[in-house]
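2 protein chains.
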Amino acid sequence: MPRSGAEARRRLQQAALELYREHGFDQTTTAEIAARAGVNERTFFRHFPDKREVLFDGEADLRAALMEAVAEAPDGLQPLDVLLCAFRRAGRILEDNRPFSEPRLQVIAKTPALRERELAKAASLTEAVADALRARGVPERLAGLAAQTGWAAFHHAAQAWIDDPSRSLEAHLSRAFDDLRTLSATMSPAQAAAESGGGRA
Amino acid sequence: MPRSGAEARRRLQQAALELYREHGFDQTTTAEIAARAGVNERTFFRHFPDKREVLFDGEADLRAALMEAVAEAPDGLQPLDVLLCAFRRAGRILEDNRPFSEPRLQVIAKTPALRERELAKAASLTEAVADALRARGVPERLAGLAAQTGWAAFHHAAQAWIDDPSRSLEAHLSRAFDDLRTLSATMSPAQAAAESGGGRA
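So the protein sequences, as listed, match chains A and B.
Using the numbering used here, the letters of the first sequence map in sequence onto residues 450 to 650.
Using the numbering used here, the letters of the second sequence map in sequence onto residues 450 to 650.
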């Protein structure tokens, strides 16, 4: 039996991840997770409300890291540069914990119930990031759009890192933000096009 | 009793939306929705699998409109310009149906269960849009990022339209895409910053 609460928690997470990969999320019970972790089922529920949350334990750390990084980014940085700083810090948390975070992202990507939970968490984190940008003085309207756009690039980079682990997450992140600049730089002005009647499908 | 299936369907959607606004989504039963629509509960389940789906009936139309608009956008347009065309067309569907789509978006925004469903639908639509861009010859890597970024701007514009209905959704959409250009234009190159050690938090 694991001796400390933190150790039991870590073993439950590892056991859940293994079982979800071996048998699939839907086929795995909390009793099986507890058994593999060497604890009883009551201990599982002392740590996690359900078998989805066992894979989302790191959200509080990620949120704290993002908020801190946005608040502490150098003065005068543009919103997306602030977010690149913040996502680099968040990315290092994922990268430092790669033996867990990589299979975790793979399991989530192929399990609709986990994907739904992840999307809800991401939406909540995106709103928190937007608030943190507003607290730095980024105008209301731009803060929300910047947060959603930056999150799209972060999510895209994390997915690319899963598919191509030969590059670091940081490298994928830099590339995603550069791709975003390239994509946007080649856009036509939207309001001007709308006024002249151009660009309508 | 409504005479045709299509009429029953429309009445069920209207009744559901009214009840969700009056009493909240969680407090409303399918029996109550059926009663207000003047049909029995079996008819509800002939049209919808559950009380969440009753608000997502337009997804197939939206998907078809987006796919068609991406495929038909003029040759030579840049990826985000193609998406602006496509989201303008999708926006017109929302705008033409404003008496339903505006309160619908409000109810979704404040109901976590509906928000989760909407996020899952949006993720699926974003993947479809990325595929449609790839079919136009947009490189693999850029297609996914462009779809996610474009969707972020579309979502942002729809939210802004709910909050400020004095401007059209099309005007909000044009502004969101212009804001995206502005945000990206002021970014520093990410890979160069990473290589020189700059930009790290």
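All C-beta atoms in this analysis are idealised placements derived from N, C-alpha and C, irrespective of residue type, glycine included.
Can you tell me where the alpha helix (DSSP H) holding residue i begins and where it ends?
{"i": "P638 (chain A)", "result": "No alpha helix (DSSP H) contains P638 (chain A), which DSSP labels as neither H nor E."}
{"i": "A609 (chain A)", "result": "E589 to D612"}
{"i": "F549 (chain B)", "result": "R547 to A558"}
{"i": "K570 (chain A)", "result": "P561 to A584"}
{"i": "G454 (chain B)", "result": "G454 to H472"}
Given that residue i touches chain E, what residues does it touch there, using C-beta distances under 7 Å?
{"i": "A625 (chain A)", "result": "Among the protein chains of the structure shown, namely A and B, there is no chain E."}
For residue i, go through chain B and note every residue whose CB falls closer than 7 Å to its CB, in chain order.
{"i": "R460 (chain A)", "result": "The contacting residues do not exist; R460 (chain A) stays about 29 Å from chain B at best."}
{"i": "R512 (chain A)", "result": "Near R512 (chain A) there are no residues of chain B at all, since even the closest Cβ is about 15 Å away, more than 7 Å."}
{"i": "R491 (chain A)", "result": "Result: empty, since nearest Cβ-Cβ is about 28 Å, beyond 7 Å."}
Determine the DSSP secondary structure at residue i, reduced to helix, strand or coil.
{"i": "S633 (chain A)", "result": "helix"}
{"i": "D475 (chain B)", "result": "coil"}
{"i": "A616 (chain A)", "result": "The question names Ala, but residue 616 (chain A) is Arg in the sequence shown. Coil, per DSSP."}
{"i": "R485 (chain A)", "result": "helix"}
So with CB distances below 8 Å, who are the chain A contacts of residue i?
{"i": "R585 (chain B)", "result": "Simply none; closest approach about 14 Å."}
{"i": "H605 (chain B)", "result": "G593, L594 and Q597"}
{"i": "P638 (chain B)", "result": "D627 and R630"}
{"i": "A601 (chain B)", "result": "L594, Q597, T598, W600 and A601"}
{"i": "R564 (chain B)", "result": "A569 and A572"}
Starting from the beta carbon of residue i, find every residue of chain A whose beta carbon is closer than 7 Å, and list them in chain order.
{"i": "D499 (chain B)", "result": "Those within 7 Å of D499 (chain B) in chain A number zero; the least Cβ separation is about 14 Å."}
List, in chain order, every chain B residue whose beta-carbon is nearer than 8 Å to that of residue i.
{"i": "Q527 (chain A)", "result": "L632, T635, M636 and S637"}
{"i": "R485 (chain A)", "result": "Those do not exist, as R485 (chain A) stays about 29 Å from chain B at its closest Cβ, beyond 8 Å."}
{"i": "R553 (chain A)", "result": "Within 8 Å Cβ-Cβ: nothing; R553 (chain A) doesn't reach chain B, min ~18 Å."}
Along chain A, which residues have their Cβ under 9 Å away from the Cβ of residue i?
{"i": "R495 (chain B)", "result": "Those do not exist, as R495 (chain B) stays about 25 Å from chain A at its closest Cβ, beyond 9 Å."}
{"i": "R616 (chain B)", "result": "Within chain A, no residue comes near R616 (chain B); the closest Cβ sits about 11 Å away, beyond 9 Å."}
Check the Cβ of residue i against every Cβ in chain B and list those closer than 9 Å, keeping chain order.
{"i": "R547 (chain A)", "result": "What R547 (chain A) touches in chain B: nothing, since even the nearest Cβ is about 19 Å away."}
Exercise. Would you list, in sequence order, the uninterrupted alpha helix (DSSP H) runs of no fewer than 4 residues that lie entirely inside the stretch 492 to 541 of chain B?
Key: Residue ranges of uninterrupted alpha helix (DSSP H) with 4 or more members, entirely inside the stretch 492 to 541 of chain B and ordered along the chain, are 508 to 521.
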